[in-house]
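Protein chains in written order, with the working numbering: chain H, 1 to 290; chain D, 1001 to 1272. The beta carbon of each residue, even a glycine, is placed where N, CA and C say it ideally should be.
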Amino acid sequence: MAILKTENLTYTYSPGTPYEHTAVDNVNIEFEKGELVGIIGHTGSGKSTLIQQFNGLLRPTSGTVFVDGQDIWAKNAKIRELRFKVGLVFQYPEYQLFEETVYKDIAFGPKNMGITGDELDARIREAAAFVGLREEHFEKSPFELSGGQKRRVAIAGVLAMRPEILILDEPTAGLDPKGRERILGQIKDYHKQTGGLVLLVSHSMEDIARYATKALVMNDSKIYMYDTVDNVFAHAQELRSMGLSAPQISSVFSLLEQRGLPVSSGIYTVEKAKEEILKLLAKGGEGNAQ
Amino acid sequence: MLSDITIGQYFPGRSIIHRLDPRMKIVLTLAFIVMLFLAKSLAALAVGVVFIVAAYVLSRVPLKMILKSLKPVIPIVIFTAILNMFFIEGDPFIIIWKLTISREGVYTAALMVVRIIFLIGGSSLLTYTTSPIMLTDGIERLMSPLKAIKLPVHELAMMMTIALRFIPTLIEETDKIMSAQKARGADMEHGNILQRAKALVPILIPLFVSAFRRADELALAMECRCYRGGSGRTRMKQLKLAPADFIAAAIVAVFIAGVVLVNIFVTPLVVL
Chain H
1 MAILKTENLT YTYSPGTPYE HTAVDNVNIE FEKGELVGII GHTGSGKSTL IQQFNGLLRP
61 TSGTVFVDGQ DIWAKNAKIR ELRFKVGLVF QYPEYQLFEE TVYKDIAFGP KNMGITGDEL
121 DARIREAAAF VGLREEHFEK SPFELSGGQK RRVAIAGVLA MRPEILILDE PTAGLDPKGR
181 ERILGQIKDY HKQTGGLVLL VSHSMEDIAR YATKALVMND SKIYMYDTVD NVFAHAQELR
241 SMGLSAPQIS SVFSLLEQRG LPVSSGIYTV EKAKEEILKL LAKGGEGNAQ
Chain D
1001 MLSDITIGQY FPGRSIIHRL DPRMKIVLTL AFIVMLFLAK SLAALAVGVV FIVAAYVLSR
1061 VPLKMILKSL KPVIPIVIFT AILNMFFIEG DPFIIIWKLT ISREGVYTAA LMVVRIIFLI
1121 GGSSLLTYTT SPIMLTDGIE RLMSPLKAIK LPVHELAMMM TIALRFIPTL IEETDKIMSA
1181 QKARGADMEH GNILQRAKAL VPILIPLFVS AFRRADELAL AMECRCYRGG SGRTRMKQLK
1241 LAPADFIAAA IVAVFIAGVV LVNIFVTPLV VL
């Protein structure tokens, strides 16, 4: 059974006014446990609105969201408990830090769940370890840390709630390449270890290609495509017409293909590209002779 | 939920009232307030009422917006009316048990109510028809004589402009922080007053931090563009009084004269 599912989900901002705007339009989708889904779409395509409905921060104008088969807005449903199940990390989450120490800030979420004592301590240490924060950081003020460290503290604050579904809205925005790789790698590890569902909103096709198992393309408030990463990037032309790009390396390969080189399509990571080029070079002699 | 708050209730338009010089509008609004307080009878007040209603019609500000600006003063209006009715002695009008409402009481209450409502209505017209930037510009120019006594007029006006500019930004920011903390299970809707006050800490601290950060960045950006305060600064939009401004001033003067005349010839209470 799908862990997260929507039925005819629609969200309209300021209905009944001249500013009315439908940000999510009749979305039907099912996410299975164990997937790491990359959500792509240009600015204003409705990604952020969509994910905020998954943990009940926004109430759908119409349609239903099911988590574990339960309608989250059913009469006796507890929305606050749902938020512990569906962890949402906002864009620039470091702006939500407020406690005196890193340790206390990570504790905020689990404490709100009513967790205390050893269990609380264990969760904080586990979450901190996931994002690579060392013990020496625990007693520091979160405001003393560097940008990347702050971001990791904020992500740990959500991981400490051990959500079944983890949603991250552009967790790497504004970080340097090293910081990006680090955070995405940690998210991937977390995903592998817990086997839950992770949704990752990103503008970087490279990141999606490298880390995600499936990709969801949003365009104009609707779901344009939801498929495996291979299949989505096979539609590079359509993505480009939507103002999105395929990973740079796949553009390189489609250019190679246009020049008549016998490369296989569906190359979208640098690693695969390397293999493919080596393969090509191995039989290179014949290719050139023709 | 926070987006319902409107501050700086400017209603964009191109009416004659919108196009008046902001300095003149500020001065005339003050004159209108004087007019209201000069009026000693309901008849004299009616002159002021005619003036402001005509001005609203000219401004094409929808009636709905005007009523919205009056909503917060309703409690004050009711309170004033009740106080005046019961505490002014005179010719008994209605007697309820031991409480007497006098004719004079009712009359004064009516006078006060009309005065307060139109006081708010009149000054709202200024903010409806003048953009916050124009308003601070006007205030700055009107206060510029105070530079002689070393009052930093330009800096005060700049502070007002910046504050107005950042209200929507901070509201948006608050909204975001609230969502982020709710996602971590913060509970802001339940509990007693103490618990609710405590629940504000996770919102206020990040908000202050970000406000300071923004102020820092803004100051730096202003310095990068060589901002050095008011001295020697010229303006892109020069305020210039047009014929319409003098006509507006003349009309207000006529109405004030009207109020004074009605005061002389109509004695209060006759209307009741």
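Which residues of chain D have a Cβ atom closer than 8 Å to the Cβ of residue i, listed in chain order?
| i | result |
| --- | --- |
| H/Gln258 | Within chain D, no residue comes near H/Gln258; the closest Cβ sits about 45 Å away, beyond 8 Å. |
| H/Phe143 | Val1209 |
Could you work out which residues of chain H lie near residue i, taking near to mean beta carbons separated by less than 8 Å?
| i | result |
| --- | --- |
| D/Arg1184 | Arg83, Gln96, Phe108, Gly109, Asn112, Gly157, Val158 and Met161 |
Since residue i is in the beta strand (DSSP E), which residue starts that stretch and which ends it?
| i | result |
| --- | --- |
| H/Ile165 | Ile165 to Asp169 |
| H/Ile208 | That residue, H/Ile208, is in no beta strand (DSSP E); its alpha helix (DSSP H) goes Met205 to Tyr211. |
| D/Phe1093 | Pro1092 to Ile1096 |
| H/Leu9 | Leu4 to Tyr13 |
| H/Gly38 | Leu36 to Ile40 |
| D/Leu1101 | One point to set straight first is that residue 1101 of chain D is Ile, not Leu, in the sequence displayed. Its beta strand (DSSP E) spans residues Leu1099 to Ser1102. |
| H/Val198 | Leu197 to Val201 |
Just to make sure I have the definition right: I need the residues of chain D whose C-beta is within less than 7 Å of the C-beta of residue i. Which are they?
| i | result |
| --- | --- |
| H/Leu88 | Ala1183 |
| H/Leu57 | Ser1179, Lys1182 and Ala1183 |
If the cut is a Cβ gap below 9 Å, which residues of chain H does residue i touch?
| i | result |
| --- | --- |
| D/Lys1176 | Phe90, Gln91, Tyr92, Tyr95 and Gln96 |
| D/Asp1187 | Arg80 and Asn112 |
| D/Pro1243 | Near D/Pro1243 there are no residues of chain H at all, since even the closest Cβ is about 35 Å away, more than 9 Å. |
| D/Pro1062 | Correct list: empty, because the minimum Cβ distance to chain H is about 13 Å. |
Comparing alpha-carbon positions, which option in the options lies nearest residue i?
| i | options | result |
| --- | --- | --- |
| H/Leu296 | H/His21, H/Leu133, H/Ala160 and H/Glu139 | The requested residue 296 of chain H is not part of the displayed model; chain H covers only 1 to 290. |
| H/Arg59 | H/Leu9, H/Gly157 and H/Gly243 | H/Leu9 |
| H/Arg83 | H/Val217, H/Pro93, H/Ile72 and H/Tyr92 | H/Ile72 |
| D/Ala1244 | D/Arg1014, D/Met1143, D/Asp1021 and D/Tyr1010 | D/Asp1021 |
| H/Val198 | H/Ala156, H/Ser62, H/Leu88 and H/Tyr11 | H/Leu88 |
| D/Leu1058 | D/Arg1019, D/Ser1015, D/Ile1074 and D/Leu1070 | D/Ser1015 |
| H/Glu126 | H/Val153, H/Val229 and H/Glu20 | H/Val153 |
| D/Ala1055 | D/Thr1108, D/Lys1025 and D/Thr1161 | D/Lys1025 |
| H/Ala212 | H/Tyr19, H/Tyr13 and H/Ile39 | H/Ile39 |
| D/Ala1199 | D/Ser1144, D/Asp1187 and D/Ile1264 | D/Asp1187 |
| D/Leu1111 | D/Leu1045, D/Leu1241, D/Asn1263 and D/Pro1072 | D/Leu1045 |
| D/Arg1115 | D/Ile1088, D/Ile1052 and D/Glu1223 | D/Ile1052 |
| D/Val1034 | D/Lys1240, D/Ile1264 and D/Ala1253 | D/Ala1253 |
| D/Phe1118 | D/Gly1230, D/Ala1081 and D/Gly1048 | D/Gly1048 |
| D/Gly1109 | D/Ala1081, D/Leu1126, D/Gly1122 and D/Ser1131 | It should be noted that the sequence gives Ala, not Gly, for residue 1109 of chain D. Looking at the Cα atoms, D/Ala1081 is the closest of the given residues. |
Could you give the residue range of the alpha helix (DSSP H) that holds residue i?
| i | result |
| --- | --- |
| D/Asn1263 | Pro1243 to Phe1265 |
| H/Gly157 | Gly147 to Leu159 |
| D/Pro1202 | Ile1193 to Cys1224 |
| D/Lys1025 | Pro1022 to Leu1038 |
| H/Arg125 | Gly117 to Phe130 |
| H/Met109 | The sequence as given places Gly at residue 109 of chain H; Met does not occur at that position. H/Gly109 -> alpha helix (DSSP H) spans Val102 to Asn112. |
| H/Ser264 | Note, H/Ser264: premise wrong, no alpha helix (DSSP H); not H, not E. |
| D/His1154 | Val1153 to Ala1183 |
| H/Gln96 | Premise fails: H/Gln96 is in no alpha helix (DSSP H) and is neither H nor E. |
| D/Pro1289 | Chain D is shown from 1001 up to 1272; residue 1289 of chain D falls before or after that span and cannot be answered. |
| H/Leu244 | First-last for H/Leu244: undefined, no H or E at that position. |
| D/Gly1048 | Leu1042 to Ser1059 |
| D/Asp1137 | Pro1132 to Met1143 |
| D/Met1065 | Leu1063 to Leu1070 |
Tell me, please, which residues DSSP counts as bridged to residue i.
| i | result |
| --- | --- |
| H/Leu88 | H/Ile167 |
| H/Pro60 | Note: H/Pro60 sits in no beta bridge, so no partner. |
| H/Lys192 | Beta-bridge pairing links H/Lys192 to no other residue. |
| H/Glu30 | H/Lys5 |
| H/His21 | H/Tyr13 |
| H/Asn219 | H/Lys222 |
| H/Thr228 | H/Lys214 |
| H/Gln70 | H/Val67 |
Counting only Cβ pairs nearer than 9 Å, list the residues of chain D close to residue i.
| i | result |
| --- | --- |
| H/Leu120 | Ordered by position in chain D, no residue passes the 9 Å Cβ test against H/Leu120, which lies about 13 Å from the chain. |
| H/Asn231 | The contacting residues do not exist; H/Asn231 stays about 31 Å from chain D at best. |
So residue i contacts chain H; which residues on that side make the cut at Cβ distance below 7 Å?
| i | result |
| --- | --- |
| D/Asp1216 | The premise fails here: D/Asp1216 is roughly 13 Å from chain H at the closest Cβ pair, so nothing lies under 7 Å. |
| D/Ala1180 | Phe90, Pro93 and Gln96 |
| D/Pro1012 | None at all; the shortest Cβ gap to chain H is about 13 Å. |
| D/Ile1205 | Phe98 |
Could you work out which residues of chain C lie near residue i, taking near to mean beta carbons separated by less than 8 Å?
| i | result |
| --- | --- |
| D/Val1201 | Among the chains of the structure shown, chain C does not appear; the protein chains present are H and D. |
Practice prompt. State whether the region 1102-1121 of chain D contacts the region 1082-1092 of chain D, with contact taken as three or more CB pairs (one from each stretch) at a distance under 8 Å.
Written response: yes
Practice prompt. Mind the definition here: the region 218-227 of chain H touches the region 27-35 of chain H only if three or more C-beta pairs lie below 8 Å; say whether that holds.
Written response: yes
Discussion item. Count Cβ pairs between the region 104-122 of chain H and the region 1206-1216 of chain D that sit closer than 8 Å; are there 3 or more?
Written reply: no
Worksheet item: At a cut of 8 Å, does the region 47-54 of chain H reach the region 244-260 of chain H through at least three beta carbon pairs?
Response: no
Practice prompt. Assess, as a yes-or-no matter, whether the region 165-176 of chain H is touched by the region 199-213 of chain H under the definition of 3 or more beta carbon pairs within less than 8 Å.
Written response: yes
Discussion item. Quick test of the definition: if touching needs 3 or more C-beta pairs under 8 Å, does the region 95-104 of chain H touch the region 1168-1185 of chain D?
Written reply: yes
Discussion item. Does the contact criterion of 3 or more C-beta pairs under 8 Å hold for the region 61-77 of chain H versus the region 1137-1154 of chain D?
Written reply: no
Item to complete: Report yes or no: do three or more beta-carbon pairs, one from the region 137-145 of chain H and one from the region 183-192 of chain H, lie closer than 8 Å?
Response: no
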